[in-house]
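Engineer: For the first sequence, the working numbering assigns the number 1043 to the initial residue and increments by one for each residue that follows.
Even for Gly, the Cβ is constructed at its ideal location relative to N, Cα and C.
Below is one structure. I have some questions about it.
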Amino acid sequence: MSEKRKPYPYDQIEPKWQALWNQEETFRAPNPGQSGFDPKKPKYFVLDMFPYPSGDGLHVGHPEGYTATDIIARFKRLKGFNVLHPMGWDAFGLPAEQYAIKTGQHPAVTTERNVERFKKQLQRIGFSYDWSREVNTTDPGYFKWTQWIFLKIYNSWFNPATHKAEPISTYTGNDPDSVRLAYVAEAPVNWCPELGTVLANEEVIDGKSEVGGFPVIRKPMRQWMLRITAYAERLIKELEGLDWPEGIKLLQTNWIGKSDGARVEFSILDSGFSISVFTTRPDTLFGATYMVLSPEHPLVDSITTREHADAVAAYRAEISGKSDLDRTDLAKDKTGIFTGAFAINPVNQEKIPIWIADYVLMGYGTGAIMAVPAHDERDWEFAKKFGLPIRFVVGPVENEDACFSGQGTSINSGIIDGLPTDEAKKTITAWLEERGLGQKTVNYKLRDWLFSRQRYWGEPFPVIWKSGQHSTLPETELPLAPPPLEDFKPTESGEPPLARAADWIRYSDAATRETNTMPQWAGSCWYYLRYCDPQNPDRFASEEAERYWMTGAVKIENRDSKIQNPGGVDLYVGGTEHAVLHLLYARFWHKVLYDLGYVSTVEPFQKLVNQGMILGTDNQKMSKSRGNVINPDDIITDYGADSLRLYEMFMGPLEQVKPWSMSGVEGVHRFLARVWRLVMEENQEGNWEISSLLADVPPTSKQQKVIHATIKKVTQDIEALAFNTAISQMMVFTNEFTNVEARPVSALRTLLILLNPFAPHLTEELWSLLSEKFAGFEGQIVAQTWQAWDDTLLIEDEIEIPVQINGKVRDRVTIKKDLSQEDTTAQALALPKIQEATAGKTVRKIIVVPGKLVNVVVG
RNA sequence: GCCGAUGUGGCGAAAUGGCAGACGCAACGGACUUAAAAUCCGUUUUCGCGAAAGCGGAGUGCGGGUUCGAGUCCCGCCAUCGGCACCA
């Protein structure tokens, strides 16, 4: 009894309803063909970005997006949809592995423990997930299919004629390995000698390891690559029809980085070689005064003259020894060295020197450029530093001391003189093509996806090696689990940790297993598909289930008709941090599966929404070191899950970054307590009982208006994901019914249904309490139907409108709603204040906006 | 440097080109109470005048513009946050 009395007994009702939902599988979503499936209802697939179950547990950022999707899921169910709302675990990953290296505890053990904790935390918030569909990327039953998809990727190629992935058997060339969508290449990786491991790009911050801050160097290693570049064009183009934030589409488009230009062949003087360069400005070809190769360019050794060989070798050694950090730091200061060789400019036969410099990247274009210092900032800087000639070929030249990279008219350029830039590009490119000296080309910044990691805690590749040749395991040998190990560090020689499992590696006398593992992205590339049919042992998801949840089609139809209807996940909510990587990788895999006929839609996610980050109460990013982390468990203990949910949604627009406020939590908590007290009151003994003010009376017409305005606003706001204003409106509703002599039960019935998606526990409880005394509360609230509003009830007979003089409000007038413009004007002008203001002045114009205002313009 | 988002009271915010500040927090005042908490009622952009009801001016980062009318549309800046960063 000493405990402080709670404003309402959330601590009792929340666990009660959670247990009941769990027990009765209230939110189980049957698949077509299963009992309880209703084919007449439309489908709705609402997806969260599944979490990595870290050791820290949930933070308040997780429930933000999860609450938003839960409200949508519950709303759609009330609206009569079959709703797929699942949750799972992206459980492979580096933190578990590093913890294992430190403590020797197997990652599977810590992962299981963390998953358990995360799940408990999520269940305490009352999310309406169909837990029978839970997936875990580290389950053999799951990663079997991750590996299976890899096999499909490995066994296909991108046919440039059809712009589609096709089985490798349709490839007629003589080297299928050169076109597979999964291939092996020597590629530089982020090697951290201190940690003895390779790091993903995301784990390298400013050239140092995210963990520990140790230097990271680039080291070439044999790597698996996925040919995502083959899809560059489609990954840009097929974004078009998606309902995604424009900013995210742009981010992906820029990441893929398409540029139109030309490849131009330069022959090398006194040698049999020729070097091709990529340029977006072939119109400036006459201004090329030198050429630059990347230090890693394969022809550097062949063309370097004897007297420059030592200096070039020294420069190349210096560059390769630099860490990423050094290279970034020196980005502004150009370095380079002359090779002694010369190239011939194909348009004017001019002899130009060939340099190497690290501002030219091997990974883009051809790794070589023609330098046009007059019209390219970087070339300008380099030419200035090394005293190379500068020649203007795009006019008008206004300033000889500055580079001009814009468009203009070609000058000093032979056949293209006088042409505007666009024309000049076309003309010179055609001229080059006719002579076999160049070609119109499209280039992308996007690189192929480095898909292997030297890690333990990931999916092993279903690949074996025999005499230096790779081949794949048969599907029947999937899943291939990682071997049991006790030491998870890479070997001393820098080989992946799987190399320690000698027995596991030996596949046969002649063949060994691949020891790299897949990156964490692999499992998250397709998890939304597994949710459709998570226990299926024979396919990643049955065709029927995949088709139903992705397109809504119950029967299998002509596949081409699906292309018309974009389909896919109906709503996907998650943080912006995945704007490029996860969302690009998943789209890529999905397209491969689509091309090969395994899925029904071109794109996986039809609508995407990014929730904004939640900052600490100090307006700073939450972090352990700042000590400003808010733990959702504490909020639930002190205010209840419904308050946590409601506050997360009431803070502000979903997409916006916003700081946490404890008194804000108390505010919504008070609101929920007010709703509780609309229904319940305390008796003499201090027990809660149904309020004596409740009565089966019709609402007054004013109340009727509030009821219908609230149904309308809440419905429209939920559909627009504007949860904060939906809640405001329900507060208005509650205020309206707080001080009344008799409270119409029907009004509360409506409020409870509207509030249910937001505060499911409180509304279930009040619903069930009301059913003891009033009719209309049969069954659970989750089984009810969302109400419709009546617009005719919202129309006011009389409205008050402002009357302005020259745009400033001078008075107000109350008029009948359908009053004619003439009569409105007359009434407005008759107002004493308006009379006074217009006296002695000319009324020049009167603007009447029906039902809105009158504006009198006087001179 | 480039790209994107944002900028409104003491704070979180709201406003199809039409009464700026709904709703909530905080603060202040009142009711209830022996008292406090809780609850309920009220005030609260700011400046000036007024005892008060009220009256008047200013006001949505800054400077311009379009419009009868701009937080909202257009042009040019500034600031904060996020992303990319020698991509030829």
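1. Let me check one thing: in DSSP terms, what residues is residue 1241 bridge-paired to?
2. Report yes or no: do three or more beta-carbon pairs, one from the region 1196 to 1206 and one from the region 1518 to 1534, lie closer than 8 Å?
3. Note down, in chain order, each residue of its chain lying with its Cβ closer than 6 Å to the Cβ of residue 1805, except the 5 sequence neighbours on either side.
4. Measure the C-alpha to C-alpha separation of residue 1135 and residue 1610 and round it to an integer number of angstroms.
5. Out of 1126, 1197, 1802, 1099, point me to the one whose CA is closest to residue 995's CA.
6. With residue 1681 and residue 1707 assumed to form a contact (beta carbons below 8 Å), what rounded beta-carbon distance in angstroms separates them?
7. Given this structure, state the Cα-to-Cα distance separating residue 1893 from residue 1885, to the nearest angstrom.
8. Opposite residue 1263 in the DSSP bridges: which residues?
9. Could you check the C-alpha separation between residue 1688 and residue 1116 for me, to the nearest Å?
10. Pick from 1197, 1410, 1272: whose alpha carbon is nearest that of residue 1516?
11. Reducing DSSP to helix, strand and coil, say where residue 1700 ends up.
12. For residue 1075, does the three-state DSSP call read helix, strand or coil?
13. Which value, in whole angstroms, describes the spacing of the CA atoms of residue 1092 and residue 1423?
14. Pull the bridge partners of residue 1650 from the DSSP assignment, please.
15. Give me the DSSP bridge partner(s) of residue 1201.
16. Quick one: Cα of residue 1342 to Cα of residue 1468, how far?
17. Are residue 1169 and residue 1112 close, meaning C-beta to C-beta below 9 Å?
18. Taking buried to mean at least 16 other C-beta atoms within 10 Å of its own C-beta, is residue 1696 buried or exposed?
19. Pick helix, strand or coil for residue 1055, following the three-state DSSP scheme.
20. For a quick check, are the C-beta atoms of residue 1224 and residue 1310 less than 9 Å apart?
21. Spatial neighbours of residue 1376 within its chain, please: C-beta separation below 7 Å, excluding the five flanking residues on both sides.
22. Indicate the three-state DSSP secondary structure (helix, strand or coil) for residue 1740 in the structure shown.
23. When you compare only the Cα positions, how much space is there between residue 1887 and residue 1841?
24. Any contact of the region 1580 to 1599 with the region 1141 to 1157, i.e. 3+ C-beta pairs under 8 Å?
25. Have a look at residue 1445 and residue 1408 and give me their C-alpha separation to the nearest angstrom.
26. Reducing DSSP to helix, strand and coil, say where residue 1332 ends up.
27. Looking only at DSSP bridge pairs, what is residue 1302 linked to?
28. If we ignore side chains and look at the alpha-carbon of each, how far apart do residue 1278 and residue 1288 end up?
29. Let me know if residue 1603 comes out buried or exposed under the rule of 16 or more other beta-carbons within 10 Å of its beta-carbon.
30. Work out the CA separation of residue 1284 and residue 1321 for me, nearest whole Å.
31. Could you please give the first and the last residue of the uninterrupted beta strand (DSSP E) stretch that includes residue 1659?
32. Tell me whether residue 1117 sits in a helix, a strand or coil according to DSSP, three-state version.
33. Within 10 Å of its beta-carbon, does residue 1003 have 16 or more other beta-carbons around it, so buried, or fewer, so exposed?
34. Skipping 5 residues on each side, what residues in its chain have a beta carbon closer than 7 Å to that of residue 1433?
35. Going by the beta-carbon positions, is the gap between residue 1199 and residue 1218 smaller than 9 Å?
36. Expressed to the nearest angstrom, what Euclidean distance is found between the alpha-carbon atoms of residue 1315 and residue 1451?
Structural biologist: Put simply:
1. Residue 1241 is bridged to 1232.
2. Note that the region 1196 to 1206 does not touch the region 1518 to 1534; fewer than 3 beta-carbon pairs, one per stretch, sit closer than 8 Å.
3. Within the same chain, residue 1805 has close Cβ partners 1794, 1797, 1798, 1823.
4. Taking the straight line from one Cα to the other gives about 27 Å.
5. Because the chain is modelled from 1043 through 1901, residue 995 falls outside the range shown and cannot be assessed.
6. Between residue 1681 and residue 1707, the beta carbon gap of about 6 Å places them in contact (Cβ cut-off 8 Å).
7. Answer to the nearest angstrom: the Cα atoms are 22 Å apart.
8. Beta-bridge pairing links residue 1263 to 1229.
9. Each residue's Cα considered, the two are about 14 Å apart.
10. It is 1197.
11. Strand, per DSSP.
12. Three-state DSSP puts residue 1075 in coil, outside helix and strand.
13. The straight-line gap from Cα to Cα measures roughly 47 Å.
14. According to DSSP, residue 1650 bridges with 1614.
15. Partner(s): 1206.
16. Inter-residue distance for residue 1342 and residue 1468 is about 31 Å (C-alpha atoms, whole angstroms).
17. Against a cut-off of 9 Å, the Cβ pair of residue 1112 and residue 1169 comes out as a contact.
18. It counts as buried.
19. Of the three classes helix, strand and coil, the one that applies to residue 1055 here is helix, per DSSP.
20. Cβ atoms of residue 1224 and residue 1310: not closer than 9 Å.
21. Excluding positions up to five away in sequence, the list reads 1399, 1401, 1423, 1424, 1427.
22. Here residue 1740 sits in coil by DSSP.
23. Residue 1887 and residue 1841: Cα-Cα distance of roughly 23 Å.
24. Below 8 Å, too few C-beta pairs join the region 1580 to 1599 and the region 1141 to 1157 to call them touching: fewer than three.
25. Cα to Cα, the separation comes out at about 24 Å.
26. Residue state, collapsed to three classes: strand.
27. Under DSSP, the beta-bridge partners assigned to residue 1302 are 1484.
28. Approximately 13 Å between the Cα atoms of the pair.
29. Only weak support exists for where residue 1603 lies, its pLDDT of 45 falling under 50; the value from the coordinates is given anyway. Under this definition residue 1603 is an exposed residue.
30. Cα-Cα distance, rounded: 32 Å.
31. The continuous stretches of beta strand (DSSP E) do not include residue 1659, and DSSP gives it neither H nor E.
32. Assignment of residue 1117 by DSSP, reduced to helix, strand and coil, places it in the helix class.
33. Residue 1003 is absent from the model: the chain starts at 1043 and stops at 1901.
34. Cβ within range, chain order: 1329, 1331, 1416, 1454.
35. Taking 9 Å as the Cβ cut-off, residue 1199 and residue 1218 qualify as a contacting pair.
36. Approximately 33 Å between the Cα atoms of the pair.
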